[in-house]
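Student: I am attaching a structure below and will ask some questions about it afterwards.
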Amino acid sequence: MPRALVSVSDKQGLVSFVTGLVELDFEIVSTGGTLRALHEAGLPARAISDATGYPEILGGRVKTLHPAVHGGILARRTPEHRAQLQELGIHRIGLVAVNLYPFRQTVSRSGVTLDEALEQIDIGGSTLLRAAAKNHPSVTVVVDPGDYPAVLAALRQGRDPDRRALARKAFAHTAAYDAAVVRYLDLGTDQPETIHLTLERAADLRYGENPHQAGARYREEGRVGFWDAVTQHKGKALSYLNLFDADTAYRLACEFEEPACAIVKHANPCGVAVGEGALEAYRHAFACDPKSAFGGVVALNRPVDEVVSEAIMANPKADVLISPGYADGALRALARRRKEFRVLEAPAPGPPGPSLRRIDGGFLVQEADHVPRGRLGWRVVTREEPTESEWRDLEMANLICAYTSSNAVVLVADGQAVGVGAGQQSRVDAGELAARKAEGRARGGACASDAFYPFRDGLDAAAAAGVAAVIQPGGSVRDDEVIAAADEYGIAMVFTGRRHFRH
4 MPRALVSVSD KQGLVSFVTG LVELDFEIVS TGGTLRALHE AGLPARAISD
54 ATGYPEILGG RVKTLHPAVH GGILARRTPE HRAQLQELGI HRIGLVAVNL
104 YPFRQTVSRS GVTLDEALEQ IDIGGSTLLR AAAKNHPSVT VVVDPGDYPA
154 VLAALRQGRD PDRRALARKA FAHTAAYDAA VVRYLDLGTD QPETIHLTLE
204 RAADLRYGEN PHQAGARYRE EGRVGFWDAV TQHKGKALSY LNLFDADTAY
254 RLACEFEEPA CAIVKHANPC GVAVGEGALE AYRHAFACDP KSAFGGVVAL
304 NRPVDEVVSE AIMANPKADV LISPGYADGA LRALARRRKE FRVLEAPAPG
354 PPGPSLRRID GGFLVQEADH VPRGRLGWRV VTREEPTESE WRDLEMANLI
404 CAYTSSNAVV LVADGQAVGV GAGQQSRVDA GELAARKAEG RARGGACASD
454 AFYPFRDGLD AAAAAGVAAV IQPGGSVRDD EVIAAADEYG IAMVFTGRRH
504 FRH
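Dropping the structure here:
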C-alpha cells in the first residue's frame with residue numbers, strides 16, 4: 004500500500020484531496036491539526052508518531068524530523084535502498100503534501116512579537132518539502148492546494164503527475180518562505196548585507212518597452228500592490244510602458260488631497276493640475292501641454308462621471324485612463340468610442356518600496372524618494388517672501404519636479420503646471436524648455452528645480468519666464484550669486500535642502 008504524508012497549514016481542499024488518495028488505496032499519515040481535521044471528516048489517517056515510534060515533542064516543534072520519515076521520503080527506487088528500508092523497518096513514502104506555517108500573515112499583523120514570529124517559522128515542513136522535492140523522480144510533492152485536482156487525475160489514470168514541475172514549485176515555495184524570514188529579521192536595517200526577493204508572475208503584458216520585447220508584471224511573492232486590484236473596464240491589453248506610466252501618473256495624482264489630475268507621457272508629467280472638481284483638474288492639466296498629452300496616461304484621484312469622460316474623449320486621444328471609480332454613465336460614454344482606449348479602475352496606491360535598477364552583474368538599490376508635504380526645513384533666502392498663493396504653487400511645483408526626469412524644471416501658476424522641462428543635460432535648457440512650453444502662462448507663478456542652480460543663468464531663465472517665486476534645494480558654492488540674482492529680479496526664493504533627482 005503506498006503511503007502519503009499530509010501535513011498542511013492551508014486546509015483548503017484537504018478533505019476532498021485525501022478522500023481521493025484513500026480511494027486510490029493510499030495509507031495516510033498526518034500530524035497535529037491536519038490529523039484532527041481528517042478524523043473529524045471520518046477519514047482514516049495514522050498519527051506520525053505511529054510511523055516513527057516517537058511522540059511529538061517540544062509542543063509540536065519536533066514531529067517529522069526522524070529517520071523513519073526522511074528515510075521513507077529520500078529513498079530511491081533501487082534494490083539497495085529498498086533493502087535498507089526493509090532492514091530498518093521503514094515504510095517508503097510516495098507522496099508528500101505539505102504547506103507551511105503562515106509566517107508572512109503573522110508578521111504582517113501590527114504588534115506581533117518576536118516570539119510569535121519565531122513560532123511561525125516552519126522547520127519540519129520545509130525539511131519535508133525539500134527532501135521530497137530533491138527525490139522527485141520517486142516522490143510526488145504537493146505544496147499548492149490548487150494542484151490537488153491535477154495530481155488526483157494523474158494518479159487515477161495510472162500515471163505519475165508532473166513531478167519535476169511540482170518539485171520546482173516546492174523549492175520556489177521554501178525559497179520564498181526563507182526570503183520572507185530574512186526580510187523580517189532585516190526590519191530596521193537600511194542596507195542589509197543581502198537582499199532576498201522572490202517574484203511571481205502576476206500578469207502577462209502585451210509587450211515590453213518595444214513590441215519585439217516580451218514583458219510581464221511580477222510581484223513579490225506573498226505581497227500584493229494596487230495593481231493586483233485594478234479592474235480594466237475596456238481596451239486592449241496593457242504593455243510595459245502603459246503600466247510604468249500609469250503607475251507614475253496615478254501615484255502623482257494621489258499625492259494631492261484636493262481633486263487632481265496628472266497626465267504622463269514617456270515617464271514624465273506633461274500636465275498636472277488641481278481644481279474644484281475632477282473636470283476642472285483634467286481641463287487644466289490637459290491645457291499644460293496638449294501636444295504631449297496625445298497618447299499619454301490620464302490619472303485622476305477622484306471618480307470619473309459622464310461629463311469628465313466626455314471631456315476626455317473630446318480631446319486628442321489618450322492611451323490609458325486610470326481613476327478610483329466610474330459612474331455608470333461614464334463607462335457607457337467611454338465604451339462608445341475608441342475601442343482600444345484602456346480604462347482602469349484602481350484603489351489608492353500603497354507606499355513605494357525600494358527601487359532596483361539593473362547594472363552589469365547586479366543591481367543598484369535605493370530607498371524610495373519621499374517628498375515631504377509641508378514646509379518643514381524650508382527657508383526663504385531672499386528679501387522677498389512668497390505670498391500664500393505662491394507658497395501653494397511652490398509646493399506643487401516641487402512635488403511635480405520630483406516625479407520628472409532630471410534635469411527637471413517645472414513651472415506652476417494658480418494650481419496648474421504650465422511648463423515642464425524634463426530630462427535635459429543642462430539645467431538652463433530644462434528651464435528654457437519649460438518656459439517655451441508655458442508660453443507666457445508662468446507669469447506670477449512658481450518655478451521648481453530638482454537640484455541646485457550651479458550658476459545664476461538658471462535663475463535668469465526662470466525670471467525670463469515671469470515667475471514670482473523659485474524653489475530649489477540650495478547647496479551650490481555659488482548660492483550667494485543665485486540669491487543675489489533673485490533679489491535683483493524681486494523674486495522670492497526658497498531652499499528646501501533636499502534634492503529630487505530622478506533617472
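Going by my numbering, the sequence shown opens with residue 4, and the numbers climb by one from there. The beta-carbon is built from N, C-alpha and C at its ideal position, and this holds for glycine as well. On a predicted model such as this, the values are computed, not experimentally measured, just so you know.
1. Would you list the one or two residues that DSSP bridges to M496?
2. For the structure I just gave you, are there three or more beta carbon pairs, one from the stretch 231 to 238 and one from the stretch 117 to 124, closer than 8 Å?
3. Contact check, D308 vs G332 under 8 Å by CB: the rounded distance?
4. Determine the DSSP secondary structure at P556, reduced to helix, strand or coil.
5. Please name the residue in G238, T201 and Y243 whose C-alpha comes closest to that of E224.
6. For E343, count neighbouring Cβ atoms within 10 angstroms of its own Cβ and tell me buried if that reaches 16, exposed if not.
7. If I'm right that H139 touches L169 with Cβ under 8 Å, what's the distance once you round it to whole angstroms?
8. Alpha carbon to alpha carbon, what distance is there between I266 and S295?
9. Based on Cα-Cα distance, which residue from A317, L244, L103 and A135 lies nearest to G74?
10. Kindly list the residues whose CB is nearer than 7 Å to the CB of H43, restricted to its own chain and excluding five residues on each side of it in sequence; keep chain order.
11. Closest to V72 by C-alpha separation, out of T109, S10 and K268, would be which residue?
12. For A405, collect the residues of the same chain with a Cβ closer than 8 Å to its Cβ; drop the 5 residues on either side in sequence, then sort them by chain order.
13. Could you name each continuous beta strand (DSSP E) segment of 3 residues or more that falls completely within the stretch 234 to 280, going from the start of the chain to the end?
14. Please state whether DSSP places V99 in a helix, a strand or coil.
15. Apart from the five residues on each side of it in sequence, which residues of its chain come closer than 7 Å, Cβ to Cβ, to R80?
16. Are the beta-carbon atoms of A276 and G418 separated by less than 8 Å?
17. Let me check understanding here. Comparing Cα to Cα, which of I198, I494, R376 and Q475 lies closest to E370?
18. Decide yes or no for the touch test of the stretch 384 to 395 against the stretch 288 to 307: beta carbon pairs closer than 8 Å, at least 3 of them.
19. According to DSSP, simplified to helix, strand and coil, what is E283?
20. Apart from the five residues just before and just after S12, which ones in its own chain have a Cβ nearer than 7 Å to its Cβ?
21. Name the residue from L17, A488 and K237 whose alpha carbon lies nearest to the alpha carbon of P148.
22. What beta strand (DSSP E) runs, 3 residues minimum, are completely inside the stretch 411 to 469?
23. Helix, strand or coil for G299? Go by DSSP, reduced to three states.
24. What is the DSSP secondary structure of T55, reduced to helix, strand or coil?
25. In terms of residue numbering, what span does the beta strand (DSSP E) encompassing Q369 cover?
26. Where D490 and A441 are concerned, what is the direct C-alpha to C-alpha distance, given to the nearest angstrom?
27. What do you get for R167, buried or exposed, if any count of 16 or more other CB atoms within 10 angstroms of its CB means buried?
28. Mind reading off the beta-carbon distance from P306 to G280? Whole number of angstroms is fine, and I expect it under 8 Å.
29. What number of angstroms, rounded off, separates the C-alpha of A256 from the C-alpha of F174?
30. Ends of the beta strand (DSSP E) at E83?
31. With DSSP as the reference, label V146 as helix, strand or coil.
32. Starting from the C-beta of D483, find all residues in its chain whose C-beta is less than 6 Å away, skip the five residues before and the five after it, and write them out in chain order.
33. Roughly how many angstroms separate the alpha carbons of D322 and L38, rounded to a whole number?
34. Check whether the Cβ atoms of A54 and V32 sit closer than 8 Å, and answer yes or no.
35. Using C-beta distances below 7 Å, list every residue in its chain close to T251, excluding the 5 sequence neighbours before and after it, in chain order.
36. Under DSSP, the beta strand (DSSP E) around E398 begins and ends at which residues?
Tutor: Once the coordinates are examined:
1. As a working note, residue 496 is residue 493 in the sequence shown. For M496, which the question treats as bridged, DSSP gives the partners V473.
2. no
3. Sequence index remark: in the sequence shown, residue 308 carries index 305 (1-based). Sequence index remark: in the sequence shown, residue 332 carries index 329 (1-based). Contact holds; Cβ gap of about 7 Å.
4. Because residue 556 is not part of the residues shown, which for the chain are 4 to 506, the question remains open.
5. Locating residue 224 in the sequence shown gives position 221, where the first residue counts as 1. Among G238, T201 and Y243, the Cα nearest to that of E224 is on T201.
6. The residue given as residue 343 occupies position 340 in the sequence shown. Label assigned to E343: exposed.
7. As a first step, residue 139 must be located in the sequence shown, where it is residue number 136. As a first step, residue 169 must be located in the sequence shown, where it is residue number 166. About 7 Å; that satisfies the 8 Å criterion.
8. As a working note, residue 295 is residue 292 in the sequence shown. As a working note, residue 266 is residue 263 in the sequence shown. For S295 and I266, the distance between alpha carbons rounds to 9 Å.
9. Here residue 74 refers to the residue found at position 71 of the sequence shown. Among A317, L244, L103 and A135, the Cα nearest to that of G74 is on A135.
10. For the purposes of this step, residue 43 is identified with residue 40 of the sequence shown, where counting begins at 1. One detail in the question is off: residue 43 reads as Glu in this sequence, not His. Answer for E43: no residue qualifies.
11. Counting from one through the sequence shown, the residue named residue 72 turns up at place 69. Taking only the C-alpha atoms, the option nearest V72 is S10.
12. Translated into the one-based positions of the sequence shown, residue 405 becomes position 402. Spatial neighbours of A405 in its own chain (CB-CB distance under 8 Å, excluding positions within 5 residues in sequence) are listed in chain order as D372, V374, D453, H503 and R505.
13. 234 to 237, 263 to 268 and 271 to 277
14. Counted from its first residue, the sequence shown places residue 99 at position 96. Of the three classes helix, strand and coil, the one that applies to V99 here is strand, per DSSP.
15. Residue numbering aside, residue 80 sits at position 77 when the sequence shown is read from its first letter. Here the set comprises S141.
16. As a first step, residue 276 must be located in the sequence shown, where it is residue number 273. As a first step, residue 418 must be located in the sequence shown, where it is residue number 415. In contact: A276 and G418 (Cβ atoms closer than 8 Å).
17. Walking along the sequence shown from the start, residue 370 turns up at place 367. Among I198, I494, R376 and Q475, the Cα nearest to that of E370 is on I198.
18. No contact exists between the stretch 384 to 395 and the stretch 288 to 307.
19. Indexing the sequence shown from 1 puts residue 283 at position 280. Note: E283 maps to helix in three-state DSSP.
20. The count along the sequence shown starts at 1 and reaches residue 12 at position 9. These residues qualify, in order along the chain: N102, L103, Y104 and P105.
21. Counted from its first residue, the sequence shown places residue 148 at position 145. Of the listed residues, the one whose Cα sits closest to P148 is L17.
22. Secondary structure within the stretch 411 to 469: the beta strand (DSSP E) runs of 3 or more consecutive residues, fully enclosed, are 412 to 416, 419 to 424 and 449 to 452 (chain order).
23. Within the sequence shown, the letter at position 296 stands for residue 299. Reduced to three states, the DSSP call for G299 is coil.
24. Your numbering for residue 55 matches position 52 in the sequence shown. Three-state result, T55: helix.
25. Reading the sequence shown from its first residue, position 366 is the one you call residue 369. Run containing Q369: G365 to Q369, per the beta strand (DSSP E) assignment.
26. The sequence position of residue 490 within the sequence shown is 487, counting from 1. The sequence position of residue 441 within the sequence shown is 438, counting from 1. Rounded to whole angstroms, D490 to A441 spans 23 Å at the Cα level.
27. Taking the first residue of the sequence shown as 1, we reach residue 167 at position 164. That one is exposed.
28. If you number the sequence shown from 1, residue 306 lands on position 303. If you number the sequence shown from 1, residue 280 lands on position 277. Incorrect: roughly 10 Å between the Cβ atoms, too far for contact.
29. Indexing the sequence shown from 1 puts residue 256 at position 253. Indexing the sequence shown from 1 puts residue 174 at position 171. Their Cα atoms are separated by approximately 41 Å.
30. As a first step, residue 83 must be located in the sequence shown, where it is residue number 80. Per DSSP, E83 belongs to no beta strand (DSSP E); it is in the alpha helix (DSSP H), P82 to L91.
31. As a first step, residue 146 must be located in the sequence shown, where it is residue number 143. Correct three-state label for V146: coil.
32. For the purposes of this step, residue 483 is identified with residue 480 of the sequence shown, where counting begins at 1. So no residue of the chain qualifies.
33. The residue given as residue 322 occupies position 319 in the sequence shown. The residue given as residue 38 occupies position 35 in the sequence shown. CA-to-CA, the gap between D322 and L38 works out to about 54 Å.
34. Position 51 of the sequence shown, counted from the start, is the residue given in the question as residue 54. Position 29 of the sequence shown, counted from the start, is the residue given in the question as residue 32. The criterion of a C-beta distance shorter than 8 Å is satisfied by A54 and V32.
35. One-based indexing of the sequence shown puts residue 251 at position 248. Answer for T251: V267, A270 and Y406, listed in chain order.
36. Counting from one through the sequence shown, the residue named residue 398 turns up at place 395. No beta strand (DSSP E) holds E398; the alpha helix (DSSP H) holding it covers E391 to A405.
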